[in-house]
Amino acid sequence: RVLARKYRYEEAENILEKCIYYWPEDGRSYVTLGKILSKQAKRTEARAVYERGCQATQGENPYIWQCWAVLENKMGNIRRARELFDAATVADKRHIAAWHGWAVLELKQGNVKKARHLLAKGLKFCGGNEYVYQTLALLEAKANRYEQARNLFRQATKCNPKSCASWLAWAQLEVQQENNRAARLLFEKAVQASPKNRFAWHVWGVFEANIGNVDMGRKLLKIGHALNPRDPVLLQSLALLEYKHSTANLARVLFRRASELDPRHQPVW
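If you count by the numbering used here, then the sequence shown holds residues 14 to 282, one letter each, in order.
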């Protein structure tokens with residue numbers, strides 16, 4: 014994994030192949046090797062690794078089935094992905110990532126009822142889980158059942174108070190409902206949960222600017238930028254804010270800095 018993080022893929026692959034040779038029944042090597050191959054867009058090779066892994070572990074390792082399902086889903090093989098998610102839950106009905114991944118697949122296919130059923134099964138077999146609660150909350154919000162959505166977000170953040178994503182999703186629900194005070198408290202919780210999260214500072218800053226708290230919005234975007242100096246999106250939003258409420262010259266400077274950080278970030282241009 015250390016080698017993969019440093020993009021030394023060939024060395025990492027050789028080591029993992031040795032692990033598989035000496036410990037063929039250990040599922041972790043297949044999972045890691047499959048992910049490294051997928052990162053390099055070697056999807057056919059990744060599939061072969063997962064297949065080998067399932068055979069070596071006699072189909073009893075849910076992590077391999079689930080990673081294989083995710084791969085097939087990315088490749089657009091929806092029917093095959095379903096079968097593999099199913100196999101993962103058969104291998105271990107307490108494997109929450111498989112229930113959740115399968116439910117998200119069904120949601121993307123427009124099968125809301127099926128997704129709800131899978132999420133309910135996940136909760137039944139695995140107990141409380143922040144991702145399941147968060148996905149259910151978003152479903153309720155989409156169906157305009159806001160109180161139920163709030164209760165589910167409450168459960169998600171109770172499961173994991175450090176889940177920035179759950180606090181943020183809840184905050185955005187309150188923004189839509191124009192409950193600005195509640196939204197602000199939830200944005201605070203989000204940045205407390207993950208102080209360096211660029212997305213949290215960005216969304217909160219834009220929210221404050223949009224409701225007329227320009228100084229507050231500017232301050233939040235600046236904090237986000239200070240914590241994430243390589244992020245062009247925060248600088249871009251700060252530039253737009255200055256253009257709208259301050260001077261075009263300052264906006265130009267900020268846009269130029271953002272474009273230097275990431276010349277391929279099209280919205281800056």
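Positions of the beta carbon are idealized from the N, C-alpha and C atoms, including for glycine.
Residue of the options minimising C-alpha distance to residue i
i, options, result
"arginine 21", "Asp39, Leu50, Val246", "Leu50"
"alanine 12", "Gly123, Ala154, Gln122, Ala111", "The displayed coordinates of the chain run from 14 to 282. Any statement about residue 12 would go beyond what the structure contains."
"histidine 73", "Leu131, His108, Arg93, Ala184", "It should be pointed out that residue 73 corresponds to glutamate in this sequence rather than to histidine. Checked all of Leu131, His108, Arg93, Ala184; the closest Cα to glutamate 73 is His108."
"lysine 171", "Ala128, Lys202, Pro37", "Lys202"
"arginine 269", "Leu253, Phe138, His258, Ser259", "Leu253"
"glutamate 38", "Arg163, Glu64, Asp99, Lys257", "Glu64"
"glutamate 191", "Tyr159, Gln168, Phe138, Asp99", "Tyr159"
"tyrosine 35", "Ala54, Ala61, Glu24, Ala69", "Ala69"
"valine 246", "Glu255, Lys257, Lys232, Ser272", "Ser272"
Per-residue burial, residue i [other beta carbons within 10 Å of its own, 16 or more giving buried]
i, result
"asparagine 142", "buried"
"threonine 57", "exposed"
"histidine 283", "There is no way to answer for residue 283, as the model of the chain reaches only from 14 to 282."
"asparagine 157", "exposed"
"arginine 243", "exposed"
"serine 179", "buried"
"tryptophan 78", "buried"
"glycine 123", "exposed"
"glycine 140", "exposed"
"proline 208", "exposed"
"threonine 102", "buried"
"glutamine 147", "buried"
"serine 259", "exposed"
"glutamate 23", "exposed"
"alanine 61", "exposed"
"glutamate 30", "exposed"
"glutamine 71", "exposed"
"alanine 169", "buried"
Cβ-Cβ distance between residue i and residue j below 7 Å
i, j, result
"cysteine 67", "valine 44", "no"
"histidine 215", "glycine 230", "no"
"alanine 11", "leucine 131", "The structure shown does not extend to residue 11, since the chain is modelled only from 14 through 282, so no value can be given for it."
"valine 145", "leucine 152", "no"
"alanine 94", "alanine 104", "no"
"leucine 198", "tryptophan 183", "no"
"leucine 118", "asparagine 90", "no"
"asparagine 226", "cysteine 177", "no"
"isoleucine 186", "alanine 154", "In the sequence on display, residue 186 carries leucine and not isoleucine. Against a cut-off of 7 Å, the Cβ pair of alanine 154 and leucine 186 comes out as a contact."
"alanine 196", "valine 188", "yes"
"alanine 128", "alanine 116", "yes"
Chain-order list of residues whose beta-carbon lies under 7 Å from that of residue i (same chain, five-residue window excluded)
i, result
"alanine 59", "Gly47, Leu50, Ser51, Leu84"
"methionine 88", "Arg56"
"serine 250", "His215, Gly218, Val219, Leu234"
"asparagine 193", "Ile224"
"glutamate 26", "Leu46, Ile49"
Any C-beta of chain B under 7 Å from that of residue i
i, result
"proline 208", "No chain B appears in this structure, which consists of one protein chain only."
Spatial neighbours of residue i in its chain, beta-carbon cut-off 6 Å, leaving aside the 5 residues before and after
i, result
"lysine 175", "Ala206"
"tyrosine 76", "Gly40, Val44"
"lysine 106", "Phe138"
"cysteine 32", "Ser42"
"asparagine 173", "Glu143"
"arginine 163", "none"
Contacting residues, own chain, Cβ-Cβ under 8 Å from residue i (five flanking each side not counted)
i, result
"leucine 240", "Pro208, Lys209, Arg211, Trp214"
"leucine 97", "Trp78, Gln79, Trp81, Ala82, Glu85"
Proximity test, residue i beta-carbon vs the ligand HEM heavy atom, cut-off 6 Å
i, result
"tyrosine 144", "Of ligands this structure carries none, so the ligand HEM is not represented either."
Checklist entry - Counting only runs that start and end within the segment 211–258, where is the alpha helix (DSSP H) found for 4 or more residues in a row? => result Taken in chain order, the whole alpha helix (DSSP H) runs of length 4 or more contained in the segment 211–258 are 211–223, 227–240, 245–258.
(request) With a floor of 4 residues, list each alpha helix (DSSP H) that falls wholly inside the segment 86–129, ordered by position along the chain. (result) 91–104, 109–121
Report task. Counting only runs of 4+ residues fully inside the segment 123–173, write out the alpha helix (DSSP H) ranges in chain order. Result -> 125–139, 143–155, 159–172
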